[in-house]
Each structure stands twice: as structure tokens, then as C-alpha cells.
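J.: Structure provided below as C-alpha cells; questions to follow.
Protein chains: 2
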Amino acid sequence: MGMRRGIIFVLSAPSGAGKTTLTRAAIERIAGLEPSVSVTTRAPRKGEIDGVDYHFVSEDEFRRLVANRELAETAAVFDALYGTPREPLERALAQGRDVLLDIDVNGAREIAQLYGQDVVRVFVIPPSFAELETRLRKRGTEDEAAVKRRLEQARAEYAAYPEYDYLIINSERAAAVEKLKAIVEAERLKVRRLRKGFAPWS
Amino acid sequence: MGMRRGIIFVLSAPSGAGKTTLTRAAIERIAGLEPSVSVTTRAPRKGEIDGVDYHFVSEDEFRRLVANRELAETAAVFDALYGTPREPLERALAQGRDVLLDIDVNGAREIAQLYGQDVVRVFVIPPSFAELETRLRKRGTEDEAAVKRRLEQARAEYAAYPEYDYLIINSERAAAVEKLKAIVEAERLKVRRLRKGFAPWS
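Protein sequences appear in the order of chains V and Y. Residues 789 to 990 (the numbering used here) are what the first sequence spells out, left to right. Residues 789 to 990 (the numbering used here) are what the second sequence spells out, left to right.
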């Protein structure tokens, strides 16, 4: 059981802030922090493994999961649907394990609504809007219209940062992981997370 | 001015938990964390420097400081009086600098009352009461009655840990400093500490 409940760490960031890389680095570098495996209706990309990278499901199956309240949050990105399964999250909380969710602002709201005090929300931004623009253009994978759309969306997402518990300004990747690590380690020491009846000196 | 207000970190622990050593190590190891220089009526010990280790004052001067509300908290330990000067604390808060206070449970309450959300309270305990007893006896500096008194006092202080924000179980000194460091670094990233009007992306 352990002395405390698990914690759900939610990481959100405007697109281009380096969230995916940071999430991957966090899972590698922060002991005891587990990834959540999302459900998605999109097709597997090369190298992706069902049940590891995602649970790949049909749209019908996705709708069934939503109807059965088996998803803690959902999001539509381009043509695909994504969701976070509730059962593994709730098992982790009960067993005192910590999970990292890489989700958007709306998803973060849904998770906070469901799990309240067991949720810690972290927002990651590049040092400036200009820096984000540079990063998005450097990728060179999208046309001008797509970059403009991403920038507008980033502005809108950015406006939600005051809802979050922590703000990481991501100027260097290594420093951002260290900051996230400090947040995880500190939250694990919070007195209010100790289980009722737990007595350090029994 | 900086993007955020300063933070007062309060460290309390039952006697024998290794608080003094931890405080010293924290000031050395945690960048930007400053010690608070207490006022005391006790005589300087060998090697102690006035204005560095303590501000040494007479009892009359101490009473004057209390009457003028120049102390944020006070404590009586054996025959001597101790207090934390307000002015340097409040300057640090306004300037966005962080201060570490090594004070008892009552002092922590007074500080929390005065500075509310700017205060982070950390309680440190040895892994068990039995371990504390071993440590106190190992010192060999006190007679049986004094050890007994310290143990009773430790039990009473321990009971206050639920009032604190964080609990550090001090099994190894190095680990305890790292935990305190994580707490300091995480608290510095809290969104609610950002100054009103501060916009990361202005």
C-alpha cells in the first residue's frame, strides 16, 4: 500500500514547447514515474506497438469506451480521437504509484475535475513567443498556414497557464527535466498526501 | 524585482533529528537560499560572530524589539530568548529572495500566521522514535534525565507534523538535503507565486 496515495502529474504545453521530448526524458530520468498509455483511433505509425505506445482502437470501440465512462479525458486532434483510460490511473492512485499524463489544457481540466487533490498540473512554455515561432519554423515540416495555425493555438493554450500549479520555462531541455524532477520529488513529500492512519512514528 | 515574491522556508524538527546539520548543509548546497540571523540574549559561544551567527542583544534590548514588533517570532530555550527579525525577512520577500528559518513548532505557527502563502513549512523527523533515542544517547553529552526530557519534548513536537506542508524522514543526511532542495526548487516554480502583472510571454 505504501504511506501515501499515488499522484497524477499532468504536463501541458503549447505545441512546439518540447513537451513530447520532455515527457520521454522525464519517464527515463525520474524514478517511479510511469507513463500513461492512451487510447487512440489513429493508425499505428511505423515502430509503434499496440499496448505500449498506444492502445489502437476503432472509432466504434472508442465510442463504447466513452459511453462506459472508461476514459478519464478525451481529445480530438486533427482527425483522430485520443483518451486516457481510467482504470490504470485509479489503480496507480490506490497503490501509491505516480503517473505522468501528457495532455492538453482541456484534458487537464477534466483530470483535475475527476481526481482533485491527487492531480498536480505542470505547464511548460518556451522562453518567449518569438522563440516558439523560431522552433516551429525550424522544423520545416509544415507550410506557412499550418505554422500560423499552431502559433494561434499556442497563444490560446498559453492563456490557460494560471490554472496550473507549476510553470516551467523551458529554455534548456536538461534544466526542464530537472525542474520536473524537483516537482515530482517535492510533491511526494507533501504531508496532505499521507494516507489517513499513517503514522511515521507508530 | 524578479518574476516572483520570495519564499520563507521554515524547517522544524524534534531535537536530535539532525536539524542544525541539515540547515547548515542546505544553506551550502541550495543556491539562492539564505540563512536568517536570529537575535538572542544568550552569550556568544567561542567562534560565534555577532551579526553573522546571531545578533547578540541584552534582555532589555530584546524586550524593546518585542515591544516595537520588530520580531516575527520568538522562543525561549533554557534561559535564553531567541527571535527572528522581521525587517530582513520582509525585504527578502519583496525582493524575491528565499530565506530558511530553523525554528520550533510555535515559531513556525507565528511565521505562518504573519506571512501566509509566502511560507513553506517542512518538518524533519528521524526514521523512528527508537532511532531518535539511539541518536540522543549516542551523543553522550547529557544525563539520563535530560535525555528523557528531550524524548518527551520530541514526542510533543512530533505531534505537530500534520500542520506542516512537507515531511522529510531523515534516514540519511545527504538524502534529506536533496529532498529539501527539491522542495525549494519546486516551490520556486509555483504559478501562484508569480507577481501580479508578470507575464512570461509579454
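Quick reminder that beta carbons are idealized off the backbone N, C-alpha and C, glycines included.
(1) Just grab the DSSP bridge partners of V/K978 for me.
(2) Under 7 Å Cβ-Cβ, which residues of chain Y neighbour V/D953?
(3) Residues of chain V with a CB under 8 Å from the CB of Y/I796: which are they?
(4) According to the Cβ coordinates, are Y/S803 and Y/R938 closer than 8 Å?
(5) Output needed in chain order: residues of the stretch 960–971 of chain V with a Cβ under 7 Å from some Cβ in chain Y.
(6) Tell me whether V/R909 is buried or exposed, calling it buried when 16 or more other Cβ atoms sit within 10 Å of its Cβ.
(7) Comparing alpha-carbon positions, which option in Y/W989, Y/R874, Y/V840 and Y/R927 lies nearest Y/A855?
(8) Can V/D886 and V/E822 be called in contact, C-beta distance under 8 Å?
(9) For chain V, check one thing: does any of its Cβ atoms lie closer than 8 Å to the Cβ of Y/I957?
(10) If you run the structure through DSSP and keep just helix, strand and coil, what is Y/A942?
(11) Under 8 Å between the Cβ atoms of V/I818 and V/V912?
(12) Against chain V, which members of the stretch 795–826 of chain Y pass a CB distance test of less than 8 Å?
(13) Pick from V/A942, V/E975 and V/D892: whose alpha carbon is nearest that of Y/I955?
(14) Hey, would you say Y/D892 sits closer than 8 Å to Y/T811, going by beta carbons?
(15) Report yes if the CB atom of Y/T862 is closer than 8 Å to the CB atom of Y/Y842, and no otherwise.
(16) Starting from V/F917, follow its DSSP beta bridges and name the residues at the other end.
(17) So, under 8 Å CB-CB, V/A805 and V/P914 are touching, yes? Tell me the CB distance rounded to an integer number of Å.
(18) Give every residue of the same chain whose Cβ lies closer than 6 Å to the Cβ of V/D953, excluding the five residues on either side of it in the sequence, and list them in chain order.
(19) Rank V/K926, V/A942, V/L982 and V/D838 by C-alpha distance to the C-alpha of V/L881 and give the top, closest one.
(20) At the 8 Å Cβ level, is V/A974 part of the contact set with chain Y, yes or no?
(21) Going along the stretch 919–951 of chain Y in order, which residues come within less than 7 Å of chain V, judged by CB to CB distance?
(22) Given Y/A942, which residues of its chain have a CB within under 7 Å of its CB, disregarding the five upstream and five downstream residues?
(23) Mapping DSSP to helix, strand and coil, what is Y/D890?
(24) Once the 5 residues before and after V/G895 are set aside, which same chain residues still bring their CB inside 6 Å of it?
(25) Checking 8 Å against the spacing of the C-beta atoms, do Y/V815 and Y/L888 come in under that value?
(26) Using 8 Å as the limit for Cβ to Cβ distance, is Y/I899 near chain V?
(27) Within a Cβ cutoff of 6 Å, which residues of the same chain sit near Y/G794, ignoring the five residues on either side of it in sequence?
(28) Does Y/F911 come out as helix, strand or coil in the three-state DSSP assignment?
(29) Below 8 Å on C-beta distance, what does Y/F986 contact in chain V?
(30) Answer with yes or no whether the minimum CB distance from Y/S916 to chain V is below 8 Å.
(31) Just verifying my parser: in three-state terms, what is the DSSP assignment at Y/I971?
(32) Quick check: what's the CA-CA separation for V/A934 versus V/F866?
(33) Is V/V965 helix, strand or coil by DSSP?
(34) Is it buried or exposed, V/S846, if we count other Cβ atoms within 10 angstroms and call 16 or more buried?
(35) Could you run through the stretch 883–894 of chain V and flag, in chain order, every residue whose CB is less than 8 Å away from some CB of chain Y?
(36) Give me, in chain order, the residues of the same chain whose beta-carbon lies closer than 7 Å to that of Y/A868; leave out the 5 immediate sequence neighbours on both sides.
T.: The structure says:
(1) Translated into the one-based positions of the first sequence, residue 978 of chain V becomes position 190. According to DSSP, which records beta bridges pairwise, V/K978 is partnered with Y/Y954.
(2) Position 165 of the first sequence holds residue 953 of chain V. When 7 Å is used as the limit between beta carbons, V/D953 is near these residues of chain Y: K978 and V979, in chain order.
(3) Residue mapping note: residue 796 of chain Y aligns to position 8 of the second sequence, counting from 1. Within 8 Å Cβ-Cβ: nothing; Y/I796 doesn't reach chain V, min ~16 Å.
(4) For the purposes of this step, residue 803 of chain Y is taken as residue 15 along the second sequence, with counting starting at 1. For the purposes of this step, residue 938 of chain Y is taken as residue 150 along the second sequence, with counting starting at 1. Y/S803 is a Cβ neighbour of Y/R938, given a cutoff of 8 Å.
(5) Listed by position along the chain: K967, A970 and I971.
(6) Position 121 of the first sequence, counted from the start, is the residue given in the question as residue 909 of chain V. Around the beta carbon of V/R909, 16 or more other beta carbons lie within 10 angstroms, which makes this residue buried.
(7) The sequence position of residue 855 of chain Y within the second sequence is 67, counting from 1. That would be Y/R874, whose Cα lies nearest to the Cα of Y/A855.
(8) Your numbering for residue 886 of chain V matches position 98 in the first sequence. Your numbering for residue 822 of chain V matches position 34 in the first sequence. Yes.
(9) Position 169 of the second sequence, counting from 1, holds the residue named residue 957 of chain Y. So, interface residue.
(10) The residue you call residue 942 of chain Y lines up with position 154 of the second sequence. For Y/A942, the three-state secondary structure derived from DSSP is helix.
(11) The residue you call residue 818 of chain V lines up with position 30 of the first sequence. The residue you call residue 912 of chain V lines up with position 124 of the first sequence. Cβ atoms of V/I818 and V/V912: not closer than 8 Å.
(12) Answer in chain order: no residues at all.
(13) Taking the first residue of the second sequence as 1, we reach residue 955 of chain Y at position 167. This sequence places Leu at residue 955 of chain Y; Ile is not what is there. Of the listed residues, the one whose Cα sits closest to Y/L955 is V/E975.
(14) By 1-based counting over the second sequence, the position of residue 892 of chain Y is 104. By 1-based counting over the second sequence, the position of residue 811 of chain Y is 23. No, the pair does not count as a contact, with Cβ atoms beyond the cut-off.
(15) Locating residue 862 of chain Y in the second sequence gives position 74, counting from the first residue. Locating residue 842 of chain Y in the second sequence gives position 54, counting from the first residue. One thing to note: Y/T862 has its Cβ no nearer than 8 Å to the Cβ of Y/Y842.
(16) Mapped onto the first sequence, residue 917 of chain V falls at position 129. Beta-bridge partners of V/F917 (DSSP): none assigned.
(17) Here residue 805 of chain V refers to the residue found at position 17 when the first sequence is read from its first residue. Here residue 914 of chain V refers to the residue found at position 126 when the first sequence is read from its first residue. Contact holds; Cβ gap of about 5 Å.
(18) Your numbering for residue 953 of chain V matches position 165 in the first sequence. So the list reads V908 and R909, once near-sequence residues are dropped.
(19) Taking the first residue of the first sequence as 1, we reach residue 881 of chain V at position 93. Residue V/L982 holds the alpha-carbon nearest to the alpha-carbon of V/L881 among V/K926, V/A942, V/L982 and V/D838.
(20) Stepping through the first sequence from its first residue, residue 974 of chain V is reached at position 186. Answer yes: the Cβ-Cβ gap between V/A974 and chain Y drops below 8 Å somewhere.
(21) Within the stretch 919–951 of chain Y, contact with chain V at the beta-carbon level (separation under 7 Å) is assigned to Y946, Y949 and P950.
(22) Locating residue 942 of chain Y in the second sequence gives position 154, where the first residue counts as 1. The answer, listed in chain order, is P802, S803, G804 and L920.
(23) The residue labelled residue 890 of chain Y in the question sits at position 102 within the second sequence. When DSSP states are grouped into helix, strand and coil, Y/D890 belongs to the strand group.
(24) Here residue 895 of chain V corresponds to residue number 107 of the first sequence, with the count starting at 1. Around V/G895: E861 and A863.
(25) The sequence position of residue 815 of chain Y within the second sequence is 27, counting from 1. The sequence position of residue 888 of chain Y within the second sequence is 100, counting from 1. Strictly speaking, residue 815 of chain Y in this sequence is Ile, with Val absent from that position. Yes, Cβ-Cβ distance for Y/I815 and Y/L888 is below 8 Å.
(26) Position 111 of the second sequence, counting from 1, holds the residue named residue 899 of chain Y. Residue contact with chain V for Y/I899: absent (no Cβ-Cβ distance below 8 Å to any residue of chain V).
(27) Within the second sequence, the letter at position 6 stands for residue 794 of chain Y. Excluding residues within five positions, the ones whose Cβ falls inside 6 Å are A880, L881, G884, R885 and D886.
(28) Position 123 of the second sequence, counting from 1, holds the residue named residue 911 of chain Y. For Y/F911, the secondary structure class from DSSP, reduced to helix, strand or coil, is strand.
(29) Locating residue 986 of chain Y in the second sequence gives position 198, counting from the first residue. Around Y/F986, no beta-carbon contact reaches into chain V at under 8 Å, the shortest distance being about 10 Å.
(30) Within the second sequence, the letter at position 128 stands for residue 916 of chain Y. Proximity of Y/S916 to chain V, defined by a Cβ-Cβ separation below 8 Å, is satisfied.
(31) Within the second sequence, residue 971 of chain Y is the residue found at index 183, counting from 1. Reduced to three states, the DSSP call for Y/I971 is helix.
(32) Reading the first sequence from its first residue, position 146 is the one you call residue 934 of chain V. Reading the first sequence from its first residue, position 78 is the one you call residue 866 of chain V. Distance between the alpha carbons of V/A934 and V/F866: 12 Å.
(33) Counted from its first residue, the first sequence places residue 965 of chain V at position 177. Under the three-state reduction of DSSP output, V/V965 falls in the helix class.
(34) As a working note, residue 846 of chain V is residue 58 in the first sequence. Only exposed fits V/S846, as fewer than 16 other CB atoms lie within 10 angstroms of its CB.
(35) Along the stretch 883–894 of chain V, there is no position whose C-beta sits under 8 Å from a C-beta of chain Y.
(36) By one-based count along the second sequence, residue 868 of chain Y stands at place 80. Result list for Y/A868: T828, T829 and R830, in chain order.
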